[in-house]
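Asks: Questions regarding the structure given below will be posed in turn.
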Amino acid sequence: MVKLGFILTVCHLLIPHAVSQMSSLPGNIRIAAMFDENEYAATHKAALETAVSIINDDRSVLGKSRLITTTAEVVARDSYKAASVACQMIRPGIAAFLGPLSSSSSHLQSLAKMIRFPLLESRWVYNSFKPKYSVNVHPHPSVVGKALADLVRKIGWKSFVILYEDGTGLIRLQELLKLPKSYESQKITVRQLYEDWDDYRPLLKEIKNSGETRIVLDCDIDKVETIFRQAKEIGMISDYYNYLITSLDVERINLAPYKYENVNITGFRIVDTNNPEVGEYIEEWNKIFKEGQGKFHPLYTENVLIFDAMRTFAKALDDLGSLNRLEINPFSCEQPKPWMYGDKLMNYLHHVEVTGLTGEIVFDSNGLRTDFKLELMEKQRDIMIVSGIWTPEVGVNYTQTASQVEGQIVEKLQNKTLRVTTAKTTPFVIAKKLDVPKEALERMSFEEKYEGYVLDLLEYLSKEVKFKYKFHMVGDGKYGSVDPNTGEWNGMIRELQDQKADMAVVDLSMTSQRQQAVDFTMPFMNTGVGILYKKKTPPAPNLFSFLSPLSLDVWIYMTTTYLATSILMYLLARITPQEWENPHPCSTQPEALENLLTLVNCLWHNWGSIMQQGSDIAPKAISTRMVAGMWWFFTLIMISSYTANLAAFLTAAEMDVPINSAEDLAKQTKIKYGTYGYGSTNAFFKSSTIPTYQKLNAFMESVKPSVYTG
9 MVKLGFILTV CHLLIPHAVS QMSSLPGNIR IAAMFDENEY AATHKAALET
59 AVSIINDDRS VLGKSRLITT TAEVVARDSY KAASVACQMI RPGIAAFLGP
109 LSSSSSHLQS LAKMIRFPLL ESRWVYNSFK PKYSVNVHPH PSVVGKALAD
159 LVRKIGWKSF VILYEDGTGL IRLQELLKLP KSYESQKITV RQLYEDWDDY
209 RPLLKEIKNS GETRIVLDCD IDKVETIFRQ AKEIGMISDY YNYLITSLDV
259 ERINLAPYKY ENVNITGFRI VDTNNPEVGE YIEEWNKIFK EGQGKFHPLY
309 TENVLIFDAM RTFAKALDDL GSLNRLEINP FSCEQPKPWM YGDKLMNYLH
359 HVEVTGLTGE IVFDSNGLRT DFKLELMEKQ RDIMIVSGIW TPEVGVNYTQ
409 TASQVEGQIV EKLQNKTLRV TTAKTTPFVI AKKLDVPKEA LERMSFEEKY
459 EGYVLDLLEY LSKEVKFKYK FHMVGDGKYG SVDPNTGEWN GMIRELQDQK
509 ADMAVVDLSM TSQRQQAVDF TMPFMNTGVG ILYKKKTPPA PNLFSFLSPL
559 SLDVWIYMTT TYLATSILMY LLARITPQEW ENPHPCSTQP EALENLLTLV
609 NCLWHNWGSI MQQGSDIAPK AISTRMVAGM WWFFTLIMIS SYTANLAAFL
659 TAAEMDVPIN SAEDLAKQTK IKYGTYGYGS TNAFFKSSTI PTYQKLNAFM
709 ESVKPSVYTG
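With this note's numbering as the guide, the letters of the sequence shown map in order to residues 9 to 718.
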C-alpha cells in the first residue's frame, strides 16, 4: 500500500507538469517570410522549407508543435508593396517574421516594433546598432572587415587595388581602408565596378599597366567569375596575381577553367562543414528543391543563414515554452496592438546559444553577432581548401603544416620553366674562356658560355624542386634603380615588374626601395657598403734596409762609441801591467812581454759583443774589465732596442692603411673613388642626407673621366 501511494503521488506531481509543457506552445506556429523577387528566391524558399522540415522532425525541439510558413515575394526596394504584403501576412497571427535580404526590411522593422513580434534577419546590415525587435544572424560587417584587414597584415600586402560594386562596399571595407595608418608606405587604390558594366577589361588593363598584382574584389560571386574570365584573356590569371574575395561564398566560384593556372585566390567562408547537421541539411534540401528553379546551391551563405535564423528562433521558442505559455493572436496594421509575448520571446532570442551551420550563434550586449569563426580558404588546382582559421581573439592562424605548404609550392613549380635574369659579375656569373667563332658562340646556350655560383645554385634548386629554368642577361646591364623624377625602375627590377623575368639571381642588394618594388628571398650572402681599394705596391728590397730600424744619428753615435771604447781599452791595456804577460811560460826570464789587447783585438772583442758572440780575447786588468763591462751593458740596450724596432718596422709596413673611414676618403682628392653606376650603393650616396656622404657623391659626379663602373 505504501509503494502504491508513492507511485500515485509521483504521477500526481508529473502529469500536470507534462500537460503544462505540452500545452504551453500552440500546435501550429506560423512564420511569415518575405523574399526579394529575383533568381535566388527559389533557393531562399528551399532553405526556409528545409529548416522548417528538419525542426518539425526533431521532437527534442518544440515538442509536438509544428512550424508552418507563409511566404511572399516582393520587388526589392519597393517599400510600399512590401508594407502592404506584410500587413496581409501578419493578419492571421505570427510568432516571427523572416525579413527579405534587401533594404525593404526597414519598414518591417517599424512594423515589428509597433506590434512587438520578432523580425528575423540574415542580411548584411552596416548599422552598429540593431532595432529592438530585430535579430540578425549575419556576422557583423565590421568584424568581417577586421578579418580581412588581419589577413592583409598577415600576408604582408603593402599595396593593393580595391574593386567594389556599390556604396555599401566601402562601408564593408572600412578596416582595409584604415590600413595605411599602420603602414607608412602602404598604397591603396579604390575603383568602382558600376552596375551597367559588362566589360571590365579596360579597368583590368589599367591595373595591369600600373604594375599592381594584388586585388581585393568586393562584389557578387557571379560578377567575380565574369571578372576572372576577362582577366584570363589579358593575362591576369597567373602566379603573379593575388585576389582576395570579400564574399563569404568564395568556395562557390567555379575554378575549373583555372585548374592549371597558379593564380592565388584567397577568401573566407563561415559554413562549418564539420557540423554533421550539414549533411542532413543537404539531404533534406535535395528532397525539397528542384534544380532549375533558380540559382542552385544549398550552402550559399544566404541560404545557410536562413536555416540558422530558423534554428535560433526554434531554440528560443522552445526555451520560452518550457516555462511560459505562448498564445498567438491575429495582428492588424490598421489597429495595431502590442503582442503581450513579444518582449519575452525577444529576451530569449537575445540570450540563446545554438550551434548552426555557421558555427556557434551568440549575440553580444547589443544583440549583434560579433563572435564567430571564419575558415581561411585558398585555391589549390580547381578547388578551395582550408588553410587556416580566423577568430576575433587570435586573428589569422594558419593550420597547414610546413610540409603541406612546401608540398603545395613544389607542386606549383614542378615542370614549370622560370625565366631568370642575371648580370655578368665575378664570381657569380663568369664568361668561360672559349676559342670559338662568333657564329658558334651565338648558337651556344647560356650554360655553355657562362659559369659561376649563380648557375650552380639554380642547377641545385632545379634538381631539388624539379623545375626548369632559362637564363638571360639583363637587357640594359643594370641591377635596378628608381628614377627620382618618374618613379620608374630600370635593370632587373624593371624586368621583374614587367614580368619579362620570373626571378633575378645575382648579387643584388636588398634595400627598402627595392623591397617595395619586388619580393626577395632569404639572401645567400650578407654584405654592407665597404671601401675596396688597391694596396700600395711595396718598394724593391734595399741592400741597407737593415739600417732602417734606427736613425742615421743613432748609427753614427753607436759607431763613434764603438771606436772610442776600443781605443780606450787599447790605451788602458798598454798602461796597466796586468795585461803584459810572458809569451813563453816555460822561460822564467823572458827577454820581452806580450800584450794581447792590441788595437785590432780590442776592435774584434767589442764587435763580437755587438753581435752577441764571444772571442778568445779577454781583458785581465780591472780597468780594462770595467771598460768591457760598460760596453756590454751598452750593447745589451742597443741590441734590444734594435730588435724591437725591427719587428715594429716590419709589421708597420703591412698595416699601413691610407684610408680608414669615409671621412678620410672625403678629406683627400689624390685617390679617386667610385661605385657601380646603377646599383644600390650609388643610389644610397645620391639620396643620403649625411654631409660626408654628400661630399663623396659630389666628388664622384665631378670627376672626369667618370669613376662609375657598369
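Even glycine gets a Cβ: it sits at the ideal position worked out from N, Cα and C.
So what's residue 369 in DSSP terms, helix, strand or just coil?
Replies: Indexing the sequence shown from 1 puts residue 369 at position 361. Strand, per DSSP.
Asks: Around the Cβ of residue 124, are there at least 16 other Cβ atoms within 10 angstroms (buried) or fewer (exposed)?
Replies: The residue given as residue 124 occupies position 116 in the sequence shown. The residue is buried, with at least 16 neighbouring Cβ atoms inside 10 Å.
Asks: Between residue 255 and the rest of its own chain, which residues show a CB-CB distance below 6 Å, the 5 nearest in sequence each way excluded?
Replies: Here the question's residue 255 lines up with position 247 in the sequence shown. Here the set comprises 229.
Asks: Give the DSSP-derived three-state secondary structure of residue 458 in the structure shown.
Replies: Here residue 458 is taken as the residue at index 450 of the sequence shown, counted from 1. Three-state result, residue 458: strand.
Asks: For the alpha helix (DSSP H) containing residue 476, list its first residue and its last residue.
Replies: On the sequence shown, position 468 is the one that residue 476 refers to. No alpha helix (DSSP H) holds residue 476; the beta strand (DSSP E) holding it covers 476–481.
Asks: Runs of 3 residues minimum, wholly inside the region 79–131: which ones carry the beta strand (DSSP E) assignment?
Replies: Correct list: 104–106 and 127–129.
Asks: CB-CB under 8 Å to residue 716, same chain, minus the five flanking residues each way: which ones, in chain order?
Replies: The residue given as residue 716 occupies position 708 in the sequence shown. 682, 683, 684, 685, 690 and 708, listed in sequence order.
Asks: Under a Cβ-count criterion, where at least 16 other Cβ atoms within 10 Å of its own Cβ denotes burial, should residue 577 be classed as buried or exposed?
Replies: Counting from one through the sequence shown, the residue named residue 577 turns up at place 569. The residue in question, residue 577, is buried, as its Cβ has 16 or more Cβ neighbours within 10 Å.
Asks: Do you know how far the Cα of residue 521 is from the Cα of residue 706?
Replies: The count along the sequence shown starts at 1 and reaches residue 706 at position 698. The count along the sequence shown starts at 1 and reaches residue 521 at position 513. Their backbone Cα atoms lie some 22 Å apart in a straight line.
Asks: Hey, residue 459 and residue 440: beta-carbon distance below 8 Å or not?
Replies: Position 451 of the sequence shown holds residue 459. Position 432 of the sequence shown holds residue 440. Yes. Within cutoff.
Asks: Determine the DSSP secondary structure at residue 75, reduced to helix, strand or coil.
Replies: Locating residue 75 in the sequence shown gives position 67, where the first residue counts as 1. Correct three-state label for residue 75: strand.
Asks: Whole angstroms is fine: what's the gap from residue 273's alpha carbon to residue 145's?
Replies: Stepping through the sequence shown from its first residue, residue 273 is reached at position 265. Stepping through the sequence shown from its first residue, residue 145 is reached at position 137. The alpha-carbon atoms of residue 273 and residue 145 are separated by roughly 27 Å.
Asks: Going by the DSSP bridge assignment, what does residue 167 pair with across the sheet?
Replies: Locating residue 167 in the sequence shown gives position 159, counting from the first residue. DSSP output for residue 167 lists 195 as bridge partner(s).
Asks: Less than 8 Å between C-beta atoms, sequence neighbours within five positions excluded: which residues of the same chain meet that for residue 69?
Replies: One-based indexing of the sequence shown puts residue 69 at position 61. Same-chain partners within the cutoff: 63, 322, 323 and 326.
Asks: So what's residue 336 in DSSP terms, helix, strand or just coil?
Replies: On the sequence shown, residue 336 is found 328 positions in, with the first residue counted as 1. Coil.
Asks: Could you check where the beta strand (DSSP E) with residue 388 kicks off and where it finishes?
Replies: Position 380 of the sequence shown, counted from the first residue, corresponds to residue 388. First-last of the beta strand (DSSP E) with residue 388: 382–388.
Asks: With burial defined as no fewer than 16 other Cβ atoms inside 10 Å of the residue's Cβ, what is the status of residue 105: buried or exposed?
Replies: Along the sequence shown, one-based indexing puts residue 105 at 97. Buried.
Asks: Enumerate in chain order the residues of its own chain whose CB-to-CB distance from residue 257 is below 7 Å, with the five nearest sequence positions on each side excluded.
Replies: Along the sequence shown, read from residue 1 onward, the residue named residue 257 stands at position 249. Around residue 257: 229, 308 and 309.
Asks: Which same chain residues end up closer than 6 Å to residue 618 when comparing Cβ atoms and leaving out the 5 residues on each side of it in sequence?
Replies: If you number the sequence shown from 1, residue 618 lands on position 610. 643.
Asks: Please report the straight-line C-alpha distance between residue 592 and residue 598, rounded to a whole angstrom.
Replies: Sequence index remark: in the sequence shown, residue 592 carries index 584 (1-based). Sequence index remark: in the sequence shown, residue 598 carries index 590 (1-based). Approximately 7 Å, taken between the alpha carbons.
Asks: How close, in whole Å, do the beta carbons of residue 171 and residue 223 come, if the pair is a contact with beta carbons under 8 Å?
Replies: On the sequence shown, position 163 is the one that residue 171 refers to. On the sequence shown, position 215 is the one that residue 223 refers to. That belief holds up - the Cβ atoms of residue 171 and residue 223 are roughly 6 Å apart, short of 8 Å.
Asks: Alpha carbon to alpha carbon, what distance is there between residue 549 and residue 583?
Replies: Within the sequence shown, numbered from 1, the residue matching residue 583 stands at position 575. Within the sequence shown, numbered from 1, the residue matching residue 549 stands at position 541. Approximately 48 Å between the Cα atoms of the pair.
Asks: In this structure, how does DSSP classify residue 377 when only helix, strand and coil are distinguished?
Replies: For the purposes of this step, residue 377 is taken as the residue at position 369 of the sequence shown. Three-state DSSP puts residue 377 in coil, outside helix and strand.
Asks: Does the distance from the CB of residue 614 to the CB of residue 573 come in under 8 Å?
Replies: The sequence position of residue 614 within the sequence shown is 606, counting from 1. The sequence position of residue 573 within the sequence shown is 565, counting from 1. Against a cut-off of 8 Å, the Cβ pair of residue 573 and residue 614 comes out as a contact.
Asks: Return the bridge partner residues of residue 142 from the DSSP annotation.
Replies: Here residue 142 refers to the residue found at position 134 when the sequence shown is read from its first residue. DSSP output for residue 142 lists 127 as bridge partner(s).
Asks: Label residue 26 either buried or exposed according to how many other C-beta atoms from any shown protein chain fall within 10 Å of its C-beta, with 16 as the threshold for buried.
Replies: Here residue 26 refers to the residue found at position 18 when the sequence shown is read from its first residue. Note that residue 26 scores a pLDDT of 40, beneath 50, so its modelled location is shaky and nothing firm can be said.
Asks: Grab me the residues of residue 525's own chain with a C-beta within less than 7 Å of its C-beta, minus the 5 sequence neighbours each way, in chain order.
Replies: Residue mapping note: residue 525 aligns to position 517 of the sequence shown, counting from 1. Answer for residue 525: 497, 501 and 505, listed in chain order.
Asks: With C-beta atoms as the reference, is residue 92 less than 8 Å away from residue 35?
Replies: The residue given as residue 92 occupies position 84 in the sequence shown. The residue given as residue 35 occupies position 27 in the sequence shown. Contact: no.
Asks: Look at the Cβ atom of residue 128, then the Cβ atom of residue 107, and state whether they are nearer than 8 Å.
Replies: The residue given as residue 128 occupies position 120 in the sequence shown. The residue given as residue 107 occupies position 99 in the sequence shown. Closer than 8 Å, so yes.
Asks: Give the straight-line distance between the Cα atoms of residue 480 and residue 473, rounded to the nearest whole angstrom.
Replies: As a working note, residue 480 is residue 472 in the sequence shown. As a working note, residue 473 is residue 465 in the sequence shown. Roughly 21 Å separates the two Cα atoms.
Asks: Measuring alpha carbon to alpha carbon, tell me which residue in 119, 132, 159 and 147 is nearest residue 141.
Replies: Position 133 of the sequence shown, counting from 1, holds the residue named residue 141. Residue 119 is the option with its Cα nearest to residue 141.
Asks: Of the choices 585, 268 and 263, whose alpha-carbon is the least far from that of residue 391?
Replies: Mapped onto the sequence shown, residue 391 falls at position 383. Checking every option, the nearest Cα to that of residue 391 belongs to 263.
Asks: Out of 611, 227, 268 and 317, which has the shortest C-alpha to C-alpha gap to residue 247?
Replies: Taking the first residue of the sequence shown as position 1, residue 247 is located at position 239. The shortest C-alpha separation from residue 247 is found at 268.
Asks: Based on Cα-Cα distance, which residue from 704, 634 and 374 lies nearest to residue 672?
Replies: In the sequence shown, the residue the question calls residue 672 occupies position 664. Nearest of 704, 634 and 374 to residue 672, Cα basis: 704.
Asks: State whether the region 392–407 contacts the region 376–384, with contact taken as three or more CB pairs (one from each stretch) at a distance under 8 Å.
Replies: A contact exists between the region 392–407 and the region 376–384.
Asks: When the cut-off is 8 Å and only beta carbons count, does residue 493 lie next to chain C?
Replies: Going by chain labels, chain C is absent from the structure shown, which holds only one protein chain.
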